Amino acid sequence: MRSRAFTLIELLVVVSIIAVLIAILLPALGSARASARSLQCLKQLQQMGLAMQAYATDHDEMIPISSHAAGAGLASPGIWFRSLQDYGVIREMRHCPDDPNRDAPGRVLSYATNDYLDLSQYDRLGKIPSPSSTVFALESADSVGFVDHVHAQTTPWATGQDVAGEVAVQRHAGTSNFNFLDGRGQPIPWGEIETHFGPTRDFMNPSTRF
Numbered sequence: 001m002r003s004r005a006f007t008l009i010e011l012l013v014v015v016s017i018i019a020v021l022i023a024i025l026l027p028a029l030g031s032a033r034a035s036a037r038s039l040q041c042l043k044q045l046q047q048m049g050l051a052m053q054a055y056a057t058d059h060d061e062m063i064p065i066s067s068h069a070a071g072a073g074l075a076s077p078g079i080w081f082r083s084l085q086d087y088g089v090i091r092e093m094r095h096c097p098d099d100p101n102r103d104a105p106g107r108v109l110s111y112a113t114n115d116y117l118d119l120s121q122y123d124r125l126g127k128i129p130s131p132s133s134t135v136f137a138l139e140s141a142d143s144v145g146f147v148d149h150v151h152a153q154t155t156p157w158a159t160g161q162d163v164a165g166e167v168a169v170q171r172h173a174g175t176s177n178f179n180f181l182d183g184r185g186q187p188i189p190w191g192e193i194e195t196h197f198g199p200t201r202d203f204m205n206p207s208t209r210f
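Each residue of the sequence shown is one higher than the one before, starting from 1 at the first, in the numbering used here.
So, in structure tokens, the structure goes:
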């Protein structure tokens, strides 16, 4: 029996259907990839939080210090990250996969710690009034290159613009990932981040809750 060949019209219809399917699927695939990158970033922060707790257990509840506490010239940025490398935090976790500057020569980390935790009154887990409401580490803004901490206590944040200067507030579809001192990781939308800073609501300051 002779096989029937496709007509030109039938072939064009098939090609059109494939083109429509591709147009429908590509955005969904792109969204899935973006969600996977955001989840990877969040998991990296969660691992840092778990490592921080293990470090504190071995060091009389001390929280790993940043280069702020170490003093200028005493340690290069990333000292807190290096302190966690004996606790399951590997070098490949240094950067968020969505950080556009992750391959830049001066981009030591995509993450920063809360510099309130460098103060003597907050440098141990037992000194923190509300660990579940206090940030340990977060995503630093794209423009921050060499600094391994945010200046929440030395330059109190009064506006959204102040926060956005140091925090990657919209890296993941309008959200940023945070890790709290109780080990919890959480993505927070920028609209909510703005509400968490003020005289009585500041999730960087260990003395306030949100």
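Backbone N, C-alpha and C fix where the C-beta goes; we use that ideal spot for every residue, glycine too. Note that this is a predicted model, so its numbers are computed, not measured.
Residue range of the unbroken beta strand (DSSP E) whose run includes residue i
| i | result |
| --- | --- |
| F81 | From DSSP, F81 is part of no beta strand (DSSP E) but of the alpha helix (DSSP H) over I79 to S83. |
Option nearest residue i by Cα separation, candidates the options
| i | options | result |
| --- | --- | --- |
| V135 | D99, Q46, M93 and I18 | Q46 |
| L116 | S67, E92 and P97 | Residue identity check: residue 116 is Tyr in the sequence provided, not Leu. Among S67, E92 and P97, the Cα nearest to that of Y116 belongs to S67. |
| M48 | A104, P131 and G183 | G183 |
| Y111 | R33, S207, T57 and L42 | L42 |
| P131 | S207, I17 and T155 | S207 |
| A51 | S83, I79 and R33 | S83 |
| A168 | D123, F180 and P189 | P189 |
| V163 | L119, G88 and D142 | D142 |
| D123 | Y55, V15 and G88 | Y55 |
| S133 | Q161, I193 and I79 | I193 |
| M62 | R33, G126 and Q40 | G126 |
| Q53 | I79, L181 and F203 | L181 |
| V147 | I79, A173 and H59 | I79 |
| A69 | D118, Q161 and W157 | D118 |
With 16 other Cβ atoms within 10 Å as the buried cut-off, status of residue i
| i | result |
| --- | --- |
| E166 | buried |
| D86 | exposed |
| H95 | buried |
| G106 | exposed |
| L11 | exposed |
| H149 | buried |
| I17 | exposed |
| Q121 | exposed |
| G185 | buried |
| Q44 | buried |
Identity of the residues DSSP links to residue i by a beta bridge
| i | result |
| --- | --- |
| N177 | P187 |
| E139 | Y111 |
| V150 | N114 |
| V167 | S140 |
| M62 | R124 |
| H172 | T175 |
Beta-carbon gap between residue i and residue j smaller than 8 angstroms
| i | j | result |
| --- | --- | --- |
| P77 | V108 | yes |
| R37 | D98 | yes |
| E139 | R91 | no |
| A137 | T154 | no |
| N177 | P187 | yes |
| I101 | A152 | Inspection of the sequence shows that residue 101 is occupied by Asn rather than by Ile. No, the pair does not count as a contact, with Cβ atoms beyond the cut-off. |
Limits of the unbroken alpha helix (DSSP H) element including residue i
| i | result |
| --- | --- |
| S67 | S67 to A70 |
Any non-hydrogen atom of the ligand ATP closer than 7 angstroms to residue i Cβ
| i | result |
| --- | --- |
| F81 | With respect to small molecules bound, the structure shown includes none, and the ligand ATP cannot be examined in it. |
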